[in-house]
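Undergrad: Below is the structure I would like to discuss, written out as structure tokens.
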Amino acid sequence: MFKEETPAKKKLDKVVNPLFEKRPKQFGIGRALPPKKDLHRYVKWPKAIRIQRQRRILKQRPKDKAAKKERLLKRAQAESEGKTVEAKKPIVVKYGLNHVTYLIEQNKAQLVVIAHDVEPIELVVWLPALCRKMEIPYCIVKGKSRLGSIVHQKTASASALCLTTVKNEDKLEFSKILEAIKANFNDKYDEYRKKWGGGIMGSKSQAKTKAKEKVLAKEAAQRMN
Numbered sequence: 110m111f112k113e114e115t116p117a118k119k120k121l122d123k124v125v126n127p128l129f130e131k132r133p134k135q136f137g138i139g140r141a142l143p144p145k146k147d148l149h150r151y152v153k154w155p156k157a158i159r160i161q162r163q164r165r166i167l168k169q170r171p172k173d174k175a176a177k178k179e180r181l182l183k184r185a186q187a188e189s190e191g192k193t194v195e196a197k198k199p200i201v202v203k204y205g206l207n208h209v210t211y212l213i214e215q216n217k218a219q220l221v222v223i224a225h226d227v228e229p230i231e232l233v234v235w236l237p238a239l240c241r242k243m244e245i246p247y248c249i250v251k252g253k254s255r256l257g258s259i260v261h262q263k264t265a266s267a268s269a270l271c272l273t274t275v276k277n278e279d280k281l282e283f284s285k286i287l288e289a290i291k292a293n294f295n296d297k298y299d300e301y302r303k304k305w306g307g308g309i310m311g312s313k314s315q316a317k318t319k320a321k322e323k324v325l326a327k328e329a330a331q332r333m334n
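Written out as structure tokens, the structure is:
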């Protein structure tokens, strides 16, 4: 059996609009500008940021394959013998209002950070009183979004954060921070609680009162005349 020969397909000529000329770019000296590049790695960062990043890298322990293999073998051997294996807990920031409250009640929290823009405010308005009762340092900082970026959560979960443990190399710096926070928040609790507001009205209320005063002054002037 012979296969039937298929007729060759004719190539269709591409229709080109004569109004639009093809002008290929030439990236040479004094010619077309090259496309924009990501120059992020060439940025000269401030010294404080560079030190911060270098410190973070230095604190990271390099992965050693031999040490990892030995650790896994010991763990497998202990499990085969029926012994309990004690694993070191990673140091993390605790979040979630219920979880933070539980840690404060159990006196495990070392520092509590509360956001200033929690809505409704009744969710966290009682936390400073609880922290003061349990003698735990607390501070109120600006922004749920900033707290959320620390724990990679949305703002709803980051109304309050707390620390339970700190690395040994950071304990001295952490103690200084706690002293400053205690002086500004815990020790001044009664002072802030007993201080009444200034009774300053909002911009709209002030504008209304000024308008009323103008009308009254105008009426008084007309009566005098």
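According to the working numbering, the sequence shown is numbered sequentially starting from 110.
Positions of the beta carbon are idealized from the N, C-alpha and C atoms, including for glycine.
1) Just to confirm, is the Cβ distance from V222 to L270 under 8 Å?
2) Starting from the Cα of I230, find the closest Cα among I213, E282, L206 and K217 and give me that residue.
3) Kindly indicate which residue of K145, A218, E130 and K313 has the alpha-carbon position closest to the one of E244.
4) Does DSSP put L220 in a helix, in a strand, or in coil?
5) Just the Cα atoms here: how many angstroms apart are K280 and G307?
6) With K156 as the anchor, note down where its beta strand (DSSP E) starts and where it stops.
7) Have a look at I290 and Y204 and give me their C-alpha separation to the nearest angstrom.
8) Based on the DSSP output, what are the partners of A269 in its beta bridges?
9) Just confirm the distance between the C-beta atoms of A267 and K253, as a whole number of angstroms; I'd bet it's less than 8 Å.
10) Please confirm whether T264 and I200 have their CB atoms less than 8 Å apart.
11) Could you tell me how far apart the beta carbons of R241 and N295 are, in whole angstroms, since I believe they sit closer than 8 Å?
12) Can you give the Cα-Cα distance for Q331 and A320, rounded to whole angstroms?
13) May I ask which residues mark the beginning and end of the alpha helix (DSSP H) holding V209?
14) Is the CB-CB distance between L220 and P246 below 8 Å?
15) Taking just the CA atoms, how far does V227 sit from V234?
16) Tell me, to the nearest whole angstrom, how far the beta carbon of L272 is from that of V202; I am working on the premise that it is less than 8 Å.
17) Leaving aside the five residues before and after I138 along the sequence, list all residues of the same chain whose C-beta is less than 7 Å from its C-beta, in chain order.
18) In chain order, which alpha helix (DSSP H) runs of at least 4 residues are fully inside the stretch 265-317?
19) Taking all protein chains shown into account, decide if I309 is buried (16 or more other Cβ within 10 angstroms of its Cβ) or exposed.
20) If we ignore side chains and look at the alpha-carbon of each, how far apart do P143 and D173 end up?
21) Identify whether K203 lies in helix, strand or coil by the three-state DSSP scheme.
22) Contact check, L239 vs I213 under 8 Å by CB: the rounded distance?
23) Any beta carbon of chain C sitting closer than 8 Å to that of N207?
24) Mind checking who C248 pairs with in its DSSP beta bridge?
TA: This is what the structure gives:
1) yes
2) L206
3) With distances taken between Cα atoms, E244 lies closest to A218.
4) In the displayed model, L220 falls within a strand according to three-state DSSP.
5) Approximately 40 Å between the Cα atoms of the pair.
6) Secondary structure note for K156: it is in no beta strand (DSSP E), and the uninterrupted alpha helix (DSSP H) holding it is K156 to K168.
7) 19 Å
8) I223
9) 5 Å
10) no
11) 6 Å
12) 17 Å
13) V209: member of the alpha helix (DSSP H) spanning L206 to E214, first to last residue.
14) yes
15) 9 Å
16) 6 Å
17) none
18) 280-290 and 298-302
19) Result: exposed.
20) 44 Å
21) In this structure, DSSP gives K203 an extended state, which the three-state scheme calls strand.
22) 6 Å
23) Chain labels in this structure do not include chain C; a single protein chain is all it has.
24) Here C248 is bridged, per DSSP, to V222.
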